[in-house]
Amino acid sequence: MNTYDSQVAAGILEKAGFEIAVEGEGTGDGVLISGRPSISQGADIVLMNTCSVRDHAEERVWGRLGLLGAEKKERPELVIGLMGCMVEEHREKLFKRFPYLDLMVGTRHIKELPEMIRQVYETRKQIVRIKQDGISIEYSEFTKRDTGFHAWLPIMTGCNKECTFCIVPMTRGTEVSMPAGEVCREVRRLVADGVKWITLLGQNVNSYNGQGTGNGERGTSEATFPELLEMLCKIDGLDRLSFTTSHPQDATEELFQVIARNPKIGRRFHLPLQSGSDRILKRMKRFHTYAEYKSKIDRLRELVPEISITTDIIVGFPGETDEDHRATRRALEEIRFDGAYIYKYSLRPGTPAARLPDDIPLEVKTSRNRELLLVQQKITEEKSRSLLGKVFTVFVEGRGTDHPKEQVGRMDQDRRVVFEADQSYAGQFIRMELTGLHHETFRAKLV
Ligand code: SAM
34 MNTYDSQVAA
44 GILEKAGFEI
54 AVEGEGTGDG
64 VLISGRPSIS
74 QGADIVLMNT
84 CSVRDHAEER
94 VWGRLGLLGA
104 EKKERPELVI
114 GLMGCMVEEH
124 REKLFKRFPY
134 LDLMVGTRHI
144 KELPEMIRQV
154 YETRKQIVRI
164 KQDGISIEYS
174 EFTKRDTGFH
184 AWLPIMTGCN
194 KECTFCIVPM
204 TRGTEVSMPA
214 GEVCREVRRL
224 VADGVKWITL
234 LGQNVNSYNG
244 QGTGNGERGT
254 SEATFPELLE
264 MLCKIDGLDR
274 LSFTTSHPQD
284 ATEELFQVIA
294 RNPKIGRRFH
304 LPLQSGSDRI
314 LKRMKRFHTY
324 AEYKSKIDRL
334 RELVPEISIT
344 TDIIVGFPGE
354 TDEDHRATRR
364 ALEEIRFDGA
374 YIYKYSLRPG
384 TPAARLPDDI
394 PLEVKTSRNR
404 ELLLVQQKIT
414 EEKSRSLLGK
424 VFTVFVEGRG
434 TDHPKEQVGR
444 MDQDRRVVFE
454 ADQSYAGQFI
464 RMELTGLHHE
474 TFRAKLV
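Position one of the sequence shown corresponds to residue 34 (the numbering used here), numbered consecutively onward.
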């Protein structure tokens, strides 16, 4: 979602006549939209898009803000702005902590950035636009996409779940879905603009419920997530449809059936497990047991055998014992995910878990994290190697590597592939045989 917000901001600023000096990687971990080295990297305006999900991401932003403040002493005309979840979380308090910050824009006001920047130049006053309610998704035809063929598309935002570790309900508010008609219109517009592959986004994308007008009014029921997927699959010219991130509670039989019968839907499913211990899952308020989660994975694999399944794990949640940790390790070994993000628990102020003592020492979190990463790396590599020699459909993204004759593509399982081909293949789906593996990138040849 942060990547999408950065793309919207970059597109809108460019359209308004600003030059994008350097774009960040869009990891959501505090990214520079504009800048050259020395943090500002010589840019006149530095705008950081921020994420609050883990403390580490926030720490990086605090560090960068400190460096930018020092730079601003030398160059008072430098304009410093923040957008994203940290703005929603800390609000006006940020101006007190960083008096040289010029502007803050909440996720619901990105379109106002050019006017806010002009106002900063005219008045030299601190400006803030944050609103807690209302929908934060606004489609923009000026979104600056990485390639012409792929687009991110948020369809819902916010979260109604109550996972005790998670700050999202505080920063993004309760769930709001875009009406299905509007999503379809936007998809058609993107396809007419040359897009062939769309990734639907949402904090809990599969709890999408396209009711209402988006202005807070409740309308007649329009579509559930599986129904929306089926509608979008019927749009001519859209060749691949992916989505992220899903929540296990909304991973239903109906959704699995829709994936199984629609080859346009990408063969990668990211489903956060968080822990293999039922005791910890309960403390996290995940509302499922490990056995229930596992039976969903088994069913999905039964219906869609080629599916690649990835997950998120948190180690060191308050009260996590060695036995709980071993249960998570067993879960990784039993399910054999294709990939996993493994995070150390990070206390987020204001969340229900913040009332529990953060009692797992950092060295224990670090060693559990390292252990699970090694277990998962081995599984990921074994699973990837088992694909060598097989033929897959690869979407050619059209961007070369450092090598001028090479192209980069993505399999329908969303795995990265590099191969020799000329630029004319860009934007096409082609059949390729996987011939080699380097870290997590495959080499392939045309068949
Ligand atoms: N929809 C997802 C789910 O099922 O919960 C949530 C996506 S969340 C934005 C991304 C991941 O960040 C989570 O799955 C979780 O593993 C991790 N995360 C969230 N809060 C965290 C915390 N306080 N400490 C460590 N990791 C956290």
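Beta carbons: idealized from backbone N, C-alpha and C, even for Gly.
Report all residues for which the CB-ligand distance to some heavy atom of the ligand SAM is below 6 Å; order them along the chain. V86, R87, C196, F198, C199, V201, Q236, N237, T278, H280, P305, Q307, D345, I347, Y376, Y378, S379 and R381
Using a Cβ-Cβ cut-off of 6 Å (strictly less than) and excluding sequence neighbours within five positions of R262, which residues of its own chain qualify? Taking the sequence shown and counting its residues from 1, the one referred to as residue 262 is at position 229. Reading off the sequence, residue 262 comes out as Leu, not Arg. Only V291 meet the Cβ criterion.
How close, in whole Å, do the beta carbons of E373 and L380 come, if the pair is a contact with beta carbons under 8 Å? The count along the sequence shown starts at 1 and reaches residue 373 at position 340. The count along the sequence shown starts at 1 and reaches residue 380 at position 347. Correcting the residue type first, residue 373 is Ala in the shown sequence and not Glu. With a Cβ gap of about 22 Å, A373 and L380 do not count as contacting.
Roughly how many angstroms lie between the CA atoms of R222 and S400, to the nearest whole one? Counting from one through the sequence shown, the residue named residue 222 turns up at place 189. Counting from one through the sequence shown, the residue named residue 400 turns up at place 367. Rounded to whole angstroms, R222 to S400 spans 48 Å at the Cα level.
Close beta carbons around V238, own chain, < 8 Å, minus the five adjacent residues each side: As a position in the sequence shown, residue 238 is number 205, starting the count at 1. Counting only Cβ-Cβ distances below 8 Å, and skipping sequence neighbours, we find I188, M189, F258, F276, T277, T278 and S279.
Look at the alpha carbon of A390 and the alpha carbon of C199, and state the distance between them as a whole number of angstroms. Your numbering for residue 390 matches position 357 in the sequence shown. Your numbering for residue 199 matches position 166 in the sequence shown. Note on identity: in this sequence residue 390 is Pro, with Ala being the wrong assignment. Roughly 16 Å separates the two Cα atoms.
Is the beta carbon of E2 sitting closer than 8 Å to the one on V441? Residue 2 lies beyond the stretch modelled for the chain, which goes from 34 to 480, so this question has no answer here.
Per-residue burial, K438 [other beta carbons within 10 Å of its own, 16 or more giving buried]: The count along the sequence shown starts at 1 and reaches residue 438 at position 405. By the 10 Å Cβ count, K438 comes out exposed.
Assuming R363 is part of the alpha helix (DSSP H), what are its boundary residues? Counting from 1 along the sequence shown, the entry for residue 363 is found at position 330. Looking at the DSSP string, the run of the alpha helix (DSSP H) that includes R363 is D355 to I368.
Nonlocal neighbours in the same chain, by C-beta distance under 8 Å from I268, ignoring five residues either side: Working through the sequence shown from its first residue, we reach residue 268 at position 235. So the qualifying residues of the chain are C217, V220, R221 and V224.
Simplified DSSP state of D345, which is helix, strand or coil: Stepping through the sequence shown from its first residue, residue 345 is reached at position 312. In the structure shown, D345 sits in a strand (DSSP, three-state: E or B).
Going by C-alpha to C-alpha distance, which of K297, P202 and M211 sits closest to E255? Indexing the sequence shown from 1 puts residue 255 at position 222. Nearest option by C-alpha distance: M211.
Nearest residue (CA-CA) to A284, options E473, K315 and Y326: Along the sequence shown, one-based indexing puts residue 284 at 251. Selected option, being the one with the closest Cα: Y326.
Select from N35, L233 and R448 the residue whose C-alpha is nearest the C-alpha of M119. Your numbering for residue 119 matches position 86 in the sequence shown. Among N35, L233 and R448, the Cα nearest to that of M119 belongs to N35.
Identity of the residue in R448, K158 and E174 nearest I45 by Cα: Position 12 of the sequence shown holds residue 45. Considering only alpha carbons, the answer is E174.
Would DSSP call P132 helix, strand or coil? For the purposes of this step, residue 132 is identified with residue 99 of the sequence shown, where counting begins at 1. In this structure, P132 counts as coil in the three-state DSSP scheme.
Three-state class that DSSP yields for T399 in the structure shown: Walking along the sequence shown from the start, residue 399 turns up at place 366. Note: T399 maps to helix in three-state DSSP.
Own chain, CB closer than 7 Å to R312, minus 5 neighbours either side, in chain order: The sequence position of residue 312 within the sequence shown is 279, counting from 1. Excluding positions up to five away in sequence, the list reads D357.
Would you mind stating whether L134 and I113 have Cβ atoms separated by less than 8 Å? Mapped onto the sequence shown, residue 134 falls at position 101. Mapped onto the sequence shown, residue 113 falls at position 80. In this structure, I113 lies closer than 8 Å to L134 by Cβ.
From this set, N82, R97 and E415, which residue's C-alpha is nearest Q74's C-alpha? Within the sequence shown, numbered from 1, the residue matching residue 74 stands at position 41. Comparing Cα positions, the closest option is R97.
Could you compute how far the alpha carbon of G352 sits from the alpha carbon of K229? As a working note, residue 352 is residue 319 in the sequence shown. As a working note, residue 229 is residue 196 in the sequence shown. Roughly 47 Å between the two C-alpha positions.
Quick check: the Cα distance between L467 and D455, rounded to an integer number of angstroms? One-based indexing of the sequence shown puts residue 467 at position 434. One-based indexing of the sequence shown puts residue 455 at position 422. In a straight line, the C-alpha of L467 is about 18 Å away from that of D455.
Same chain only: Cβ atoms within 7 Å of G117, ignoring 5 sequence neighbours per side: By one-based count along the sequence shown, residue 117 stands at place 84. Around G117: N35, D38, N82, T83, C84 and T140.
Only counting the same chain, and skipping five residues up and downstream in sequence, which positions put a Cβ closer than 6 Å to that of H142? The residue you call residue 142 lines up with position 109 of the sequence shown. Excluding sequence neighbours, H142 sits near R162.
Is the Cβ-Cβ distance between S417 and A360 less than 8 Å? What you label residue 417 is simply residue 384 of the sequence shown in a count that begins at 1. What you label residue 360 is simply residue 327 of the sequence shown in a count that begins at 1. No. Outside cutoff.
Three-state class that DSSP yields for F276 in the structure shown: To locate residue 276, count along the sequence shown from 1; it is residue 243. Residue state, collapsed to three classes: strand.
Answer with yes or no whether the minimum CB distance from Y378 to chain E is below 8 Å. Judged by its chain identifiers, the structure shown contains no chain E, having just a single protein chain.
Where Q290 sits in the DSSP three-state scheme: By 1-based counting over the sequence shown, the position of residue 290 is 257. Three-state DSSP puts Q290 in a helix.
K481 - partner residues in DSSP beta bridges: Because the chain spans 34 through 480 in this model, residue 481 falls outside it and cannot be assessed.
Taking the Cβ atom as the reference point for each residue, do E473 and R449 lie within a distance shorter than 8 Å? By 1-based counting over the sequence shown, the position of residue 473 is 440. By 1-based counting over the sequence shown, the position of residue 449 is 416. Yes.
Classify S169: buried if its beta carbon has 16 or more other beta carbons within 10 angstroms, exposed otherwise. Indexing the sequence shown from 1 puts residue 169 at position 136. So S169 ends up on the buried side.
Beta-carbon contacts of L146 that lie in its chain and below 7 Å, excluding the five residues immediately before and after: As a working note, residue 146 is residue 113 in the sequence shown. Here the set comprises A42, I45, L46 and V138.
In chain order, which continuous runs of the beta strand (DSSP E) of length 3 or greater are located wholly inside the segment 146-212? 160-162 and 183-187
How far does the alpha helix (DSSP H) with H123 in it extend, from its first residue to its last? Counting from one through the sequence shown, the residue named residue 123 turns up at place 90. Counting along the chain, the alpha helix (DSSP H) containing H123 begins and ends at C118 to H123.
Let me know the secondary structure DSSP gives L488 once reduced to three states. What the structure shows of the chain is the stretch from 34 to 480, and residue 488 is not part of that stretch, so it cannot be assessed.
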